[in-house]
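**Q**
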């Protein structure tokens, strides 16, 4: 008689798992029972395929040397800004793209897409 295949544990998708807050991570001086795991805020959503990074001078200029700007807030990128780059290579200020996704979710349009490449019906 064949053995049934072992069942794999079911884990929620990464965007639905609780995130550990720095203050909630257990350390040697904090008893594990005191460390609490808090769920992420809605604006902490990050889709697969988006890289978060800190802008360098190179990220602030295009190939012709012109300054680049966030198409959501129209502010020029500055070295040290926190950016998010999508799979399509579009980049935005991290706070701007998260705010845009939150607004889209409130309108029932889903979240995680690129504002430059979005298509509405």
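In the UniProt record's numbering, the protein residues as written are 1 to 121.
C-beta: ideal position from N, C-alpha, C; glycine also.
Please report the distance separating the alpha-carbon of residue 81 from that of residue 110.
**A** Within the chain shown, numbered from 1, the residue matching residue 81 stands at position 81. Within the chain shown, numbered from 1, the residue matching residue 110 stands at position 110. Distance between the alpha carbons of residue 81 and residue 110: 26 Å.
**Q** In this structure, does DSSP put residue 58 in helix, strand or coil?
**A** Here the question's residue 58 lines up with position 58 in the chain shown. Residue 58: helix per DSSP, three-state reduction.
**Q** Report all residues from its chain with a CB closer than 6 Å to the CB of residue 196; omit the five preceding and five following residues, and keep chain order.
**A** Summary: the structure shown does not reach residue 196, with the chain confined to residues 1 through 121, and so no result is reported for it.
**Q** From this set, 108, 113, 56 and 70, which residue's C-alpha is nearest residue 79's C-alpha?
**A** Stepping through the chain shown from its first residue, residue 79 is reached at position 79. The residue with the shortest Cα to Cα distance from residue 79 is 56.
**Q** I need the DSSP call for residue 84, collapsed to helix, strand or coil.
**A** If you number the chain shown from 1, residue 84 lands on position 84. Reduced to three states, the DSSP call for residue 84 is strand.
**Q** Considering only the alpha carbon of each residue, which of 64, 106, 71 and 62 lies closest to residue 114?
**A** The residue you call residue 114 lines up with position 114 of the chain shown. Out of 64, 106, 71 and 62, 71 has the C-alpha closest to the C-alpha of residue 114.
**Q** Cβ of residue 73 within 7 Å of Cβ of residue 96?
**A** What you label residue 73 is simply residue 73 of the chain shown in a count that begins at 1. What you label residue 96 is simply residue 96 of the chain shown in a count that begins at 1. Yes, the pair counts as a contact, with Cβ atoms nearer than the cut-off.
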